[in-house]
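The block underneath contains the structure these notes are about, expressed in structure tokens.
Numbering (UniProt numbering), first residue to last: 1 to 261.
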């Protein structure tokens, strides 16, 4: 079986990348814009032609309205409790593209499937589509193709010619966590919490070892099975707070020591 090259993936998802770029230009954080576009791609996979609708409409505000609803949906599926009807469940723009009634309750009820497919996209072609360096290489190559003086296309850069499948190292799939004073949480408690929220997403949980049994751990590291779980958990925020069995746990992106200046 012949695998797609990075170039083929970028070429096929050119419009997805353009939508991502437009959202960032309009003020969305890259992490949030990435999740929104992945949600649009997910809708395409289940037969809801969001990308095609965006392509066919000249009104740029439509993209922003769809993105706003997608953001609301993504925030909804991150919550521990289902949405309350009094705060409003409607997502009219997205619902107008679907043949059956859909609202926030629908997406929350099916969040296991939604999260699973989002992770598949973000940890698959998403690693290529949203890679800034590859994006620059792609457009530089496209410019050379348009400006060439011979029928022979220019040589494809090595990074664009490679198969798109990429494996993220542990550091890029990890979250640094800080325990509240007197925390009684165990690695199992933490793993069960995230598994309950996001499905089978935990590779391991590491907790600081203290020299005395009387000393509680101060920090730890949660390693996810895929880097996209970090994008979904943080959704553009630098710090996230969790409450697990009455204990507060603060999480931030893990920074390997050799990457700190």
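Here a beta-carbon is modelled for each residue, glycine too, at the ideal position from N, C-alpha and C.
Check	Outcome
By the three-class DSSP mapping on this structure, what secondary structure does residue 221 have?	strand
Below 8 angstroms, can you find three or more Cβ-Cβ pairs linking the region 224-238 to the region 177-184?	no
Could you tell me whether the Cβ of residue 241 comes closer than 8 angstroms to any Cβ of chain C?	Although the question refers to chain C, the structure presented lacks it and comprises just one protein chain.
Just to confirm my understanding: we take residue 161, look at its own chain, exclude 5 residues before and 5 after, and list those with CB closer than 6 angstroms. What are they?	5
With respect to the beta strand (DSSP E) encompassing residue 206, which residues constitute its N-terminal and C-terminal limits?	202-207
Does residue 250 come out as helix, strand or coil in the three-state DSSP assignment?	strand
When you compare the CB positions of residue 240 and residue 234, do they come within less than 8 angstroms of one another, or not?	yes
Taking the straight line between their C-alpha atoms, what separation do you get for residue 14 and residue 24?	15 angstroms
Would you mind stating whether residue 238 and residue 252 have Cβ atoms separated by less than 8 angstroms?	yes
Using 8 angstroms as the Cβ pair cut-off and three pairs as the minimum, do the region 41-60 and the region 76-90 touch?	no
Should residue 139 be labelled buried (16 or more other beta-carbon atoms within 10 Å of its own) or exposed?	exposed
Hey, residue 22 and residue 63 are a contact pair by Cβ (cut 8 angstroms); roughly how many whole angstroms apart?	6 angstroms
Report the three-state DSSP secondary structure of residue 216 (helix, strand or coil).	coil
By Cβ distance below 7 angstroms, which residues in the same chain neighbour residue 199 in space, the five residues on each side in sequence not counted?	112, 115, 116
Is it a yes or a no for the region 160-176 touching the region 29-39, going by three-plus beta-carbon pairs under 8 angstroms?	no
Which same chain residues, not among the five before or five after residue 12, have their C-beta less than 6 angstroms away from its C-beta?	none
So, for residue 66: in the same chain, excluding its five sequence neighbours on each side, which residues have a beta-carbon less than 6 angstroms away from its beta-carbon?	93
Just to confirm, are residue 110 and residue 232 a CB contact at a threshold of 8 angstroms?	no
Would you kindly work out how many angstroms separate the C-alpha atoms of residue 246 and residue 26, rounded to a whole number?	39 angstroms
Near residue 203, what residues of its chain come up, given a Cβ to Cβ distance below 6 angstroms and the 5 sequence neighbours on each side ignored?	223, 225
What residue range does the alpha helix (DSSP H) around residue 152 cover?	Premise fails: residue 152 is in no alpha helix (DSSP H) and is neither H nor E.
Going by CA-CA distance only, name the one from 80, 166, 68, 59 that's closest to residue 128.	166
Do residue 89 and residue 103 have their beta-carbon atoms positioned less than 8 angstroms apart in this structure?	yes
What do you get for residue 201, buried or exposed, if any count of 16 or more other CB atoms within 10 angstroms of its CB means buried?	buried
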